[in-house]
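Below you'll find the structure, written out as C-alpha cells, and then a few comments.
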Amino acid sequence: FRNRAFEIGFIISMSLTQVVAEFLISGFGVILPYLVEEFPDPSVSQLWPTSVMTLVVASLTLPCSRAVDMYGGYPFFLAGVLWLALWALLGGFARSEVFLVVARAMQGLAITAIQCGAFQLIGTTYPPGRKRNVVLGLYGACAPVGFFAGIGTSGLAVQFASWNVYFYTAAGASLFVAVLAYITVPTTAVARSSSAAEKGLSMDWLGTVTITPGLFLLAYAMAASSHVSGGWRSAEVLTTLLLGLALLGLALLVELRIAACPLLPARFFRIRSTLPFCVAGLFFYATFGTFLFYSTFYMRDIMHGSGLQTVLWYLPLAVGGFVVAAVGGSVLHALPNTYLLWFSGAAWTLAPLLLAFAPATSAPTRTIYWGFVFPAMICATLGLDLTYTISTVFFSTTQPARYQALAGAVASVLVNLGISFSLAFADIVESVEKNRGKGLLECYRAVFYYAGASAYVGFVVCLLWVRIPKADKDL
C-alpha cells in the first residue's frame, strides 16, 4: 500500500461489499409485501423472489471462484460492484414478478463475483497470521451491519417514503465501493491477480453445467411443492425434482471421476474437520435463513410492529454482530476455535427456540421483546458471526494460494445454499400447518421449531467431528 490511508480504504471497500450483500438480503423481506401490492396480481408467491438471489449465489459461486483463481479477483470484483449498482437501480422500477425475479437474480450474479473477488484480494494481500484474521474478522463483522442497515432502510422507506428507496440506496453504495476500490486496491494485488492463470487451473465446464441447473431445479421443486395443485405429486414438481437430482448425481460423478480440474477438488476436504464443518455450516445457515425472514414476519404479523419499531428491535443483532465478529477475528489466534464453534452452535439452537416459546399476542409487547426477542437476537448474532468468522479464517488459512478464491467460495456457498433451501423447507412447514387449520402464530412456531432442530443437528456434528485449533498460522 502507498500509505496507511490507502490500506484503510482497501479494507473499507472490501468490507462494504458485505454490508451491501446483507443489505439486499435482510431488507427485502420487509419491502416485499409492499412491493407486490403494485403488481397486476398481488397474490403471487413471495418465496421465489425472496430465495432466487441466494440460490444464484450458491449455484454460481464455485465456477466463479475458479475463474477468479485463474484470472484474478480484481476484474471480477470491480465488474461485480458495477453490475450490482446497475441491477439494484433497475430493481427500484420492478412492476411485475418476472422483472423482480430477473433483477434479484442479476443482483445475485453480481454478489457472486464480488465475494469471490474480495476474498481472493484479501487472501493474496495479507499472509496468514493475526493481521489477516483481523481483516477477515472486520469483513465478517460488516455482515450484521449490512443486515441492520437493510432492515433499517427498508423499514424507514416503507413507512416514510417508498420501497424504491431501498434499491436506490443499494445502487449508490455499490457505486461508492467501485470508486473506492479502484483507488485503493494495491498494484501488487492486481499484479498477482493478472498472473493467477499460471497456476495451472482450468475451467470445469461439465461441472458447471450440471451443478448450477441441478441446484436450481431442486430448489424450484421444493419451492413449488407447497403452492401448485397436487403438491409433490404434480408433474411440475416431480419433473423438476427428478431432473435436479439426476443432474446433481451426474455432477458428483463428474467431480469425482471425470473432471481433470474439478470445481471442488477432493483435496480441499483432506484438511482435518473440513467436511464435517461444511455439513454443520449448512445446518447452521439454514437456521439463519429461516430466522432472518420469519423473525421479520413474526414482528410484523404477531407483534404488529411498525417499520421503525422493527428497525429498533433488530438493533442488538447489528451492534452485537459487529462486536462479536470484530473481536472474534482478533482472538481466533489465541483460543481453540473448536470451543468457540461449540458455543456458537448452542447459540444457533437457542435463537429460534426463544421465538417459538414466546407467549401469545395477549402478552404485552414489552414482555415478548425483552423476554424472548431480545435474547433471541443476541443468540442469533453470536451464532452467525462466530461461525462465519471461524469459517473464513479456517478455510483461508488451511488452503494454498491457488485456492484462496475457492476458500471464500465455499464459505459463501454454505451461507447461501443454507438460506435458499431452508426457506423452501420453512415454506413447506408453514403450508402443512396452515392445511391443518392452524393459525398464523402456530405456523410460525412450527417454523421456528424446524429452525431449532436444524441448528441442533449442526451442533451435534460439531461436537462429534469438528476440531479446529488456534488460527495463529497455517493449520
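Residue numbers for the sequence shown follow the numbering used here, beginning at 1 and rising by one.
C-beta atoms are modelled at their ideal positions from N, C-alpha and C, and glycine is treated no differently.
Whole angstroms is fine: what's the gap from residue i's alpha carbon to residue j's?
i	j	result
S412	L84	17 Å
I468	F160	47 Å
S454	A173	34 Å
V327	M377	18 Å
A88	F28	12 Å
L121	L317	28 Å
P265	G207	11 Å
F216	G249	14 Å
A196	D69	In this prediction, A196 scores a pLDDT of 46, lower than 50, which makes its location untrustworthy; the coordinate-derived value is nonetheless stated afterwards. Distance between the alpha carbons of A196 and D69: 6 Å.
F99	G214	23 Å
L253	A224	28 Å
S13	G231	45 Å
A178	G92	20 Å
A451	G200	42 Å
V36	F23	19 Å
R233	K438	23 Å
S194	A105	The predicted model places S194 with a pLDDT of 47, which falls under 50 and marks its position as unreliable; any figure quoted below should be read in that light. Roughly 28 Å between the two C-alpha positions.
S162	I31	9 Å
F297	G152	15 Å
A170	C142	15 Å
A426	E236	20 Å
R267	A219	28 Å
S59	I211	7 Å
C278	G408	13 Å
L55	G108	8 Å
P101	N3	First, the amino acid is wrong: residue 101 is Val here, not Pro. Roughly 43 Å between the two C-alpha positions.
Looking only at its chain, what residues have a beta carbon closer than 6 Å to the beta carbon of residue i, apart from the 5 residues adjacent to it on each side?
i	result
G321	P144, T381, D385
F1	E7, P186
V165	A157
S431	S226
L243	L217
F293	G29
S422	A286, G289, T290
L464	none
L175	A85
Using a Cβ-Cβ cut-off of 7 Å (strictly less than) and excluding sequence neighbours within five positions of residue i, which residues of its own chain qualify?
i	result
F291	A351, P352, A380, A451
W313	M299, G305, Y369, V373
F459	G345, A346, W348, T349
Using a Cβ-Cβ cutoff of less than 8 Å, which residues in the same chain neighbour residue i once the five nearest sequence positions on both sides are dropped?
i	result
A259	D204, L206, G207
- 4-residue-minimum alpha helix (DSSP H) runs that sit fully inside the region 252 to 318, ordered along the chain: Within the region 252 to 318, the runs of alpha helix (DSSP H) at least 4 residues long that lie entirely inside it are, in chain order, 274 to 301, 307 to 313.
- May I ask you to verify whether the region 332 to 347 touches the region 442 to 451, counting CB pairs closer than 8 Å and requiring at least 3? no
- Which runs of the alpha helix (DSSP H), 4 residues or longer, sit entirely within the region 352 to 385? The DSSP assignment places complete alpha helix (DSSP H) segments of no fewer than 4 residues inside the region 352 to 385 at 365 to 368, in order along the chain.
- Message: For the structure I just gave you, are there three or more beta carbon pairs, one from the region 126 to 145 and one from the region 60 to 80, closer than 8 Å?
- Response: no
- Query: Would you call the region 278 to 291 and the region 413 to 420 in contact, with 3 or more CB pairs under 8 Å?
  - Reply: yes
- Enumerated in chain order, which unbroken segments of the alpha helix (DSSP H) with a length of 4 residues or greater are wholly contained in the region 440 to 470? Within the region 440 to 470, the alpha helix (DSSP H) runs of at least 4 residues that lie entirely inside it are, in chain order, 440 to 465.
- Query: Residue ranges of each alpha helix (DSSP H) run of no fewer than 4 residues wholly in the region 112 to 181, ordered along the chain?
  - Reply: 130 to 160
- Message: For a minimum of 4 consecutive residues, which ranges assigned as the alpha helix (DSSP H) are wholly contained in the region 10 to 40?
- Response: 28 to 36
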